[in-house]
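Asks: Line by line, the protein sequences give chains S and D. For the first sequence, my numbering assigns the number 41 to the initial residue and increments by one for each residue that follows. For the second sequence, my numbering assigns the number 41 to the initial residue and increments by one for each residue that follows.
Number of protein chains: 2
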Amino acid sequence: MSLVLPYPYLLFLADAQTPSDAKTAFGLRDWAADRVLGEFALPDCKVTLGLPVLSPEEAQAQGARALVIGVAVDGGGLSDAWIPALVQALEAGLDIVSGMHAALGDIPVLRSAAARLGRRLIDVRRPPAGLPVGTGRKRSGKRLLTVGTDCALGKKYTALALARAFAARGLDADFRATGQTGILIAGSGLPMDAVVADFVAGAAESLSPDAAADHWDVIEGQGSLFHPAYAGVSLGLLHGSQPDVIVVCHKVGRDRMSGYPDFAVPSLAEAIETHLLMARRTNPAVRCAGISLNTARLSPTEAAAVLHDEGVRLGLPCADPIRGGAEFERLVDACLSA
Amino acid sequence: MSLVLPYPYLLFLADAQTPSDAKTAFGLRDWAADRVLGEFALPDCKVTLGLPVLSPEEAQAQGARALVIGVAVDGGGLSDAWIPALVQALEAGLDIVSGMHAALGDIPVLRSAAARLGRRLIDVRRPPAGLPVGTGRKRSGKRLLTVGTDCALGKKYTALALARAFAARGLDADFRATGQTGILIAGSGLPMDAVVADFVAGAAESLSPDAAADHWDVIEGQGSLFHPAYAGVSLGLLHGSQPDVIVVCHKVGRDRMSGYPDFAVPSLAEAIETHLLMARRTNPAVRCAGISLNTARLSPTEAAAVLHDEGVRLGLPCADPIRGGAEFERLVDACLSA
Numbered sequence: 041m042s043l044v045l046p047y048p049y050l051l052f053l054a055d056a057q058t059p060s061d062a063k064t065a066f067g068l069r070d071w072a073a074d075r076v077l078g079e080f081a082l083p084d085c086k087v088t089l090g091l092p093v094l095s096p097e098e099a100q101a102q103g104a105r106a107l108v109i110g111v112a113v114d115g116g117g118l119s120d121a122w123i124p125a126l127v128q129a130l131e132a133g134l135d136i137v138s139g140m141h142a143a144l145g146d147i148p149v150l151r152s153a154a155a156r157l158g159r160r161l162i163d164v165r166r167p168p169a170g171l172p173v174g175t176g177r178k179r180s181g182k183r184l185l186t187v188g189t190d191c192a193l194g195k196k197y198t199a200l201a202l203a204r205a206f207a208a209r210g211l212d213a214d215f216r217a218t219g220q221t222g223i224l225i226a227g228s229g230l231p232m233d234a235v236v237a238d239f240v241a242g243a244a245e246s247l248s249p250d251a252a253a254d255h256w257d258v259i260e261g262q263g264s265l266f267h268p269a270y271a272g273v274s275l276g277l278l279h280g281s282q283p284d285v286i287v288v289c290h291k292v293g294r295d296r297m298s299g300y301p302d303f304a305v306p307s308l309a310e311a312i313e314t315h316l317l318m319a320r321r322t323n324p325a326v327r328c329a330g331i332s333l334n335t336a337r338l339s340p341t342e343a344a345a346v347l348h349d350e351g352v353r354l355g356l357p358c359a360d361p362i363r364g365g366a367e368f369e370r371l372v373d374a375c376l377s378a
Numbered sequence: 041m042s043l044v045l046p047y048p049y050l051l052f053l054a055d056a057q058t059p060s061d062a063k064t065a066f067g068l069r070d071w072a073a074d075r076v077l078g079e080f081a082l083p084d085c086k087v088t089l090g091l092p093v094l095s096p097e098e099a100q101a102q103g104a105r106a107l108v109i110g111v112a113v114d115g116g117g118l119s120d121a122w123i124p125a126l127v128q129a130l131e132a133g134l135d136i137v138s139g140m141h142a143a144l145g146d147i148p149v150l151r152s153a154a155a156r157l158g159r160r161l162i163d164v165r166r167p168p169a170g171l172p173v174g175t176g177r178k179r180s181g182k183r184l185l186t187v188g189t190d191c192a193l194g195k196k197y198t199a200l201a202l203a204r205a206f207a208a209r210g211l212d213a214d215f216r217a218t219g220q221t222g223i224l225i226a227g228s229g230l231p232m233d234a235v236v237a238d239f240v241a242g243a244a245e246s247l248s249p250d251a252a253a254d255h256w257d258v259i260e261g262q263g264s265l266f267h268p269a270y271a272g273v274s275l276g277l278l279h280g281s282q283p284d285v286i287v288v289c290h291k292v293g294r295d296r297m298s299g300y301p302d303f304a305v306p307s308l309a310e311a312i313e314t315h316l317l318m319a320r321r322t323n324p325a326v327r328c329a330g331i332s333l334n335t336a337r338l339s340p341t342e343a344a345a346v347l348h349d350e351g352v353r354l355g356l357p358c359a360d361p362i363r364g365g366a367e368f369e370r371l372v373d374a375c376l377s378a
């Protein structure tokens, strides 16, 4: 029931002027290297990923199956200047994959070219049809869900880092993507925030189906139970995921909800307690293994001190997955200890 | 931003064989009498509402603006046998309003007749386009939300009864509908369970906009925070509604979630506590005014005893709105006492 993307990818940088324009492409280079063959850009692009530069035709000859739009422009739309390159990719035999708000199929020239050439236009923000209503039935296998005190502070990155760490320890683990960037990285997933409200828990159930008893699904969280706009998405995802383990993600120094200055970010203790309270509804055995703390703004010395102090204060492993190190290994240990 | 329906209605009973086939029509007769002109049925219909029997042409001549499909068939679809009567209504100058799962516009003969005649096909399960993301901004006016220990136990009925009681006391009060039957009754509203997940709280904010300080919005609850499939809808509605008052609805004797026998229905104490905990996020002053208890299966004597005992045990007014009486007046008092 998940979206499943064709790969390997050719990453399209379009006319990106700065690395931040091409954030999606950099994320794919770093987290989905085995799915990426090369990069392709317009003449006025000022960014490179350091990957082989390939035309759509060259990429297709090397096995590429899709061109992934790796840039984002304000408003989430698609620039007219990109269209000839996208048609070129379709003509070269590639599907086009987009995480943008605007639907590829709403652009007539792309729609007609794809129809003529028998190629697919895949919008990873569009959930598949026919998602089921949640059943609450307990599924086999183990599940971890990253949750957060707010949006946009590291839930996706934490899940990716934990899934990679589990695999490095020889465990059978899948990263389960719930947002567009995660879906591009994983090559499959469900865009939870775009699902009709009645089907969110059911979509989450579909995303991490029955598995072997020792298999781990490491599920990317969305939103926050404390978010005035998006808490419903977070609760549906929490209920449907039935996590055995949650890891609470937080950003040092964020004391107001991003974009909602009237709303305080909850304390970590409150966030742990509320998430466990609500999660017990579909998995009474759920536990919090620890904290993922985004310390990007701190010096290494400051970060080490904060991670140590917060870990002692909460009595839980507390790590920044970007910094890794012994704290992160302790967090991984705690996730895996039954 | 709400759906707004044309009225007065002509209620279409189709080929209903039993009153339960025509549950929607009976609900409209009882709760939206001022919007209803008459009834219209096929020759083999065995049900009457006791309203004037009118053809679409007669109803239109008396001012009717819409034919409302007042029957439901298994599967939520529309029977082919109804189509000629629906086309007749369009030709008589009426719009058609449906609360069914199947979309009216997916039926080619209706779509083409409506286009030819300039009439509207309105599916009240389809939310309007352009719903906003929630802001969390505190709005003026007063709000009450009915919440529940489960689905389908009286949240709509309780909200209708409270809105009617508030009006009977001379207050300016609006019932705010969040499901298809409620929308047909109110003539406007938003079908919360059909909204894309990211927009549920924003939709709830749209549904009860800024109002005069002494105005009450009495909002129909959906689902339950404890429901393994639908809790996300309930939380988004709770956050977006920013209720000043909640009334917790429960059905006597229901100890398992309807359709989910592995899930216990929470205790009333737990339901009150959890709803207040989550509701405080967008209205720290929220309070629980009391309990609406569905006692349909009990004798009057048994019901009176249960209502009394539960009220004493919880220290809150506890009433069955269907039975009314002094308990219900006490519940209304408690809702209105600041």
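C-beta: ideal position from N, C-alpha, C; glycine also.
Does V305 of chain S come out as helix, strand or coil in the three-state DSSP assignment?
Replies: coil
Asks: Considering only C-alpha positions, which residue in the set D:V44, D:D135, D:R165 and D:S248 is nearest to R151 of chain D?
Replies: D:D135
Asks: Per DSSP, which residues does N334 of chain D bridge with? Please list them.
Replies: D:K291
Asks: DSSP three-state call for D61 of chain S: helix, strand or coil?
Replies: helix
Asks: In chain order, what residues of the segment 218–243 of chain S put their CB closer than 8 angstroms to some CB of chain D?
Replies: M232, D233, A234, V235, V236, A237, D238, V240, A241 and G242
Asks: So with Cβ pairs under 8 angstroms, would you call G364 of chain D a contact of chain S?
Replies: Chain S contact via Cβ: absent.
Asks: Mind listing the chain D neighbours of Y270 of chain S? Cutoff is C-beta to C-beta under 7 angstroms, in chain order.
Replies: D238
Asks: Considering V187 of chain D, what are the terminal residues of the beta strand (DSSP E) in which it resides?
Replies: Segment K182 to G188, the beta strand (DSSP E) holding V187 of chain D.
Asks: Figure out for me which residue from D:A237, D:D74, D:L51 and D:R105 has the closest Cα to the Cα of L82 of chain D.
Replies: For L82 of chain D, the nearest C-alpha among the options comes from D:L51.
Asks: Please report the straight-line C-alpha distance between A329 of chain S and A343 of chain D, rounded to a whole angstrom.
Replies: 47 angstroms
Asks: Measuring straight from C-alpha to C-alpha, what distance separates D284 of chain D and S377 of chain S?
Replies: 44 angstroms
Asks: Can you pull the chain D neighbours of R321 of chain S, defined as C-beta to C-beta under 7 angstroms?
Replies: F266 and P268
Asks: From this set, D:A269, D:G219, D:L68 and D:T221, which residue's C-alpha is nearest V240 of chain S's C-alpha?
Replies: D:A269
Asks: For L278 of chain D versus H315 of chain D, is the C-beta spacing smaller than 8 angstroms?
Replies: yes
Asks: Buried or exposed, going by whether 16 or more other CB atoms sit within 10 Å of the CB of T335 of chain D?
Replies: buried
Asks: Examine chain S for any beta-carbon lying closer than 8 angstroms to the beta-carbon of G174 of chain D, and answer yes or no.
Replies: yes
Asks: What ranges does the beta strand (DSSP E) occupy inside the segment 311–375 of chain D, keeping only unbroken runs of at least 3 residues that lie completely in it?
Replies: 327–334
Asks: When the Cβ atoms of the segment 291–299 of chain D are set against those of the segment 161–172 of chain D, are three or more pairs found closer than 8 angstroms?
Replies: no
Asks: Suppose you measure from the CA of A120 of chain D to the CA of G133 of chain D; what does that come to, to the nearest Å?
Replies: Per the sequence presented here, residue 120 of chain D reads as Asp, with Ala not at that position. When rounded, the distance between both Cα atoms is 21 angstroms.
Asks: According to DSSP, which residues form a beta bridge with G194 of chain D?
Replies: According to DSSP, which records beta bridges pairwise, G194 of chain D is partnered with nothing at all.
Asks: Pair every Cβ in the segment 299–314 of chain D with every Cβ in the segment 260–274 of chain D, then say whether three or more of these pairs are closer than 8 angstroms.
Replies: yes
Asks: Looking at C-beta atoms only, is the number of pairs between the segment 167–175 of chain D and the segment 217–235 of chain D that lie closer than 8 angstroms three or more?
Replies: yes
Asks: Step through the CB atoms of chain S and report whether any lies within less than 8 angstroms of the CB of V273 of chain D.
Replies: yes
Asks: Starting from the beta carbon of D302 of chain S, find every residue of chain D whose beta carbon is closer than 7 angstroms, and list them in chain order.
Replies: Chain-ordered, the chain D residues with CB closer than 7 angstroms to the CB of D302 of chain S read G176.
Asks: Buried or exposed for P249 of chain S, please, with buried defined as at least 16 other CB atoms from any protein chain shown within 10 angstroms of its CB.
Replies: That one is exposed.
Asks: Could you pull out every unbroken alpha helix (DSSP H) segment of at least 4 residues lying fully inside the segment 62–145 of chain S, listed in chain order?
Replies: 63–71, 96–101 and 123–131
Asks: Return the first residue and the last residue of the alpha helix (DSSP H) that I225 of chain S is part of.
Replies: Q220 to A226
Asks: Looking at the unbroken alpha helix (DSSP H) that takes in A271 of chain D, where does it start and where does it end?
Replies: A271 to S281
Asks: What are the start and end residues of each continuous beta strand (DSSP E) run of 3 or more residues lying completely inside the segment 148–182 of chain D, in chain order?
Replies: Those beta strand (DSSP E) runs which fall completely within the segment 148–182 of chain D and span 3+ residues are 161–163.
Asks: So is R183 of chain S buried or exposed if we call it buried at 16+ other beta carbons inside 10 Å?
Replies: A residue is called buried when at least 16 other Cβ atoms come within 10 angstroms of its Cβ; R183 of chain S meets this threshold and is buried.
Asks: Please state if the CB of L247 of chain S and the CB of T402 of chain S are separated by a distance shorter than 8 angstroms.
Replies: Limits of chain S in this structure are 41 at one end and 378 at the other, which puts residue 402 of chain S out of reach.
Asks: By the 10 Å Cβ neighbour count, where 16 or more other Cβ atoms means buried, how is D190 of chain D classified, buried or exposed?
Replies: buried
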